[in-house]
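J.: Take 1 as the starting number for the sequence shown in the UniProt record's numbering and just add one per residue.
Where a beta carbon is used, it is the ideal one built from N, C-alpha and C, also for glycine.
Structure below; questions to follow.
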Amino acid sequence: MRAIEITEFGGPEVLKVGDVPDPVAGDGQVLITVDHAGINYADTHQVENSYLQASKLPMIPGGEVVGHTADGRRVVALVGSGGYAEKAVAHAPYAWDVPEGVTDGQALALVLQGTTAWHLLKTSTHFQPGESVLVHAGAGGVGSLAIQLAKHWGAGRVIATASSDEKRKQALELGADAAIDGTPEGLKDRIIEANGGKPVDIVLEMVGGPTFDESFAALAKFGRLVTFGAASREAAAPIESGRLMKGSKTVVGFWLADCFGDPRLLGEPLTELFGLVADGALRPIVGGEYKLSEVATAHEDMRARRTVGKLVLDPTH
């Protein structure tokens with residue numbers, strides 16, 4: 001089968017199309033003929049071996065697929081790796097039937113980024129109606145869904161950051177009450193100004209470095225910041241215990257992989273998200289589709305912040 005198999009770690013330049021043997025499903029697994037695969041920012045870390053979990057070579061990147069099983073089911077599945085290919089194998093509990101009316105791109109947006117947004121608000125920050133929420137990268141896969149979920153669940157005010165006027169406009173169209181430039185310099189002041197002169201209750205942060213520092217400084221008393229990425233590839237300044245105590249602030253980390261041990265932690269949020277899409281209350285944004293031979297371009301576009309919403313890969317071309 002055709003696949004992207006990397007034999008050395010690096011940037012987008014190591015992503016090349018090749019022919020590899022078809023995968024074989026073992027006990028408790030299902031073989032999926034892939035119609036589309038998801039492309040995530042985390043894949044760029046996986047390919048260069050800078051992710052939280054070390055990668056091993058040779059490797060086929062790609063953590064999620066949507067396609068068909070031998071018995072005709074249309075499923076979306078988390079595969080860990082192996083998604084950038086014409087066929088992939090998933091453990092059966094992590095392959096969920098896709099309801100009618102949900103497109104491939106929407107299903108891929110929900111299975112990983114949608115469940116991440118769900119857990120960031122429900123599990124990590126214990127969001128309550130009426131609270132203010134700052135969403136970084138509001139035009140991105142997780143951010144675009146987090147804006148909508150926060151508004152749907154009764155946020156008092158949702159503020160998004162984005163890197164361009166076009167992306168900020170999209171965040172407003174998705175329901176954000178304000179959209180601001182996410183550049184770190186002066187970010188704390190812009191956040192507070194966008195929140196009517198008040199610090200924010202919740203921050204969803206995935207940039208790291210000085211963006212994390214400025215966001216923490218903009219937290220209200222009893223505020224919660226959840227970090228779930230480091231897109232800047234920079235480390236934030238250490239936070240001393242006294243800075244947490246003053247203002248009774250909370251910093252928590254989230255990594256969706258920690259939910260993988262219990263399929264219910266993914267399946268139950270996914271069922272709710274599918275229902276919201278069917279009701280028209282949630283609109284996953286599919287920002288672009290790439291051919292298998294164009295996956296390096298997709299990674300370049302993500303790293304350069306040229307993309308919005310969910311990116312999908314067509315392994316058949």
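I need the DSSP call for residue 201, collapsed to helix, strand or coil.
T.: Three-state result, residue 201: strand.
J.: List the DSSP bridge partners of residue 96.
T.: Paired residues: 76.
J.: How would you call residue 7, buried or exposed, if buried means at least 16 neighbouring beta carbons within 10 angstroms?
T.: So residue 7 ends up on the exposed side.
J.: Could you check the C-alpha separation between residue 55 and residue 45 for me, to the nearest Å?
T.: One C-alpha to the other measures close to 9 Å.
J.: Helix, strand or coil for residue 179? Go by DSSP, reduced to three states.
T.: Correct three-state label for residue 179: strand.
J.: Going by beta-carbon coordinates alone, are residue 25 and residue 76 separated by less than 8 Å?
T.: Not closer than 8 Å, so no.
J.: State the start and end residues of the unbroken alpha helix (DSSP H) segment that holds residue 24.
T.: Residue 24 -> no alpha helix (DSSP H), and no H or E assigned at all.
J.: Roughly how many angstroms lie between the CA atoms of residue 223 and residue 200, to the nearest whole one?
T.: Cα-Cα distance, rounded: 7 Å.
J.: Does the structure place the segment 241-256 close enough to the segment 155-167 that three or more beta carbon pairs sit under 8 Å?
T.: Contact fails: fewer than three Cβ-Cβ distances are below 8 Å.
J.: Taking a contact to mean a Cβ-Cβ separation below 8 Å, would you say residue 86 touches residue 2 in this structure?
T.: Their beta carbons are under 8 Å apart, which means residue 86 touches residue 2 by this criterion.
J.: Using alpha carbons as the reference points, say which of 272, 231, 271, 225 lies closest to residue 251.
T.: Minimum Cα distance to residue 251 is reached at 225.
J.: Taking the alpha-carbon positions, what's the residue 187 to residue 215 distance?
T.: Cα to Cα, residue 187 sits roughly 7 Å from residue 215.
J.: Go to residue 242, then tell me how far its alpha helix (DSSP H) extends in each direction, as first and last residue.
T.: Where residue 242 is concerned, the enclosing alpha helix (DSSP H) stretches over 241-245.
J.: Quick check on this structure: which residue in 79, 292, 62, 18 has the alpha carbon closest to the alpha carbon of residue 29?
T.: It is 79 whose Cα lies nearest to the Cα of residue 29.
J.: Where in the segment 3-75 do unbroken runs of the beta strand (DSSP E), each at least 3 residues long, occur, reported from the N-terminal end onward?
T.: List check, beta strand (DSSP E) in window: 17-19, 29-39, 64-68.
J.: Within the same chain, show all residues whose beta-carbon is closer than 6 Å to that of residue 104, passing over the 5 residues directly before and after it, in chain order.
T.: Here the set comprises 35, 36, 66.
J.: Okay, do the segment 108-127 and the segment 137-153 touch, 3+ Cβ pairs below 8 Å being the bar?
T.: Segments in contact, yes.
J.: Residue 192 to residue 248, Cα distance in whole Å?
T.: Using only the alpha carbons, I get a separation of about 18 Å.
J.: With distances taken Cα to Cα, identify the nearest neighbour of residue 97 among 73, 17, 254.
T.: The shortest C-alpha separation from residue 97 is found at 73.
J.: For residue 167, which of helix, strand or coil comes out of DSSP?
T.: In this structure, residue 167 counts as helix in the three-state DSSP scheme.
J.: Pull the bridge partners of residue 289 from the DSSP assignment, please.
T.: DSSP output for residue 289 lists 312 as bridge partner(s).
J.: Smallest Cα separation from residue 212: which of 238, 220, 108, 221?
T.: The shortest C-alpha separation from residue 212 is found at 238.
J.: Between the Cα of residue 235 and the Cα atoms of 210, 257, 228, which residue gives the shortest distance?
T.: Nearest of 210, 257, 228 to residue 235, Cα basis: 210.
J.: So, using beta-carbon positions, are residue 171 and residue 138 closer together than 8 Å?
T.: Going by C-beta atoms, residue 171 is nearer than 8 Å to residue 138.
J.: Can you list, in chain order, the stretches of the alpha helix (DSSP H) that have 4 or more residues and sit fully within the segment 85-150?
T.: You should have 104-108, 115-119.
J.: Whole angstroms are fine: how far does the CA of residue 136 sit from the CA of residue 166?
T.: Straight-line Cα distance between these residues: approximately 15 Å.
J.: Just to confirm my understanding: we take residue 57, look at its own chain, exclude 5 residues before and 5 after, and list those with CB closer than 8 Å. What are they?
T.: 6, 7, 8, 9, listed in sequence order.
J.: Residue 207 by DSSP, collapsed to three states: which one?
T.: Residue 207: coil per DSSP, three-state reduction.
J.: Report the rounded CA-to-CA distance for residue 122 versus residue 38, giving the unit in angstroms.
T.: Residue 122 and residue 38: Cα-Cα distance of roughly 24 Å.
J.: Following the continuous beta strand (DSSP E) through residue 221, name the residue where it begins and the one where it ends.
T.: Its beta strand (DSSP E) spans residues 219-227.
J.: Cβ atoms of residue 102 and residue 319: under 8 Å apart, would you say?
T.: Since the first residue of the chain shown is 1 and the last is 317, residue 319 is not available in this structure.
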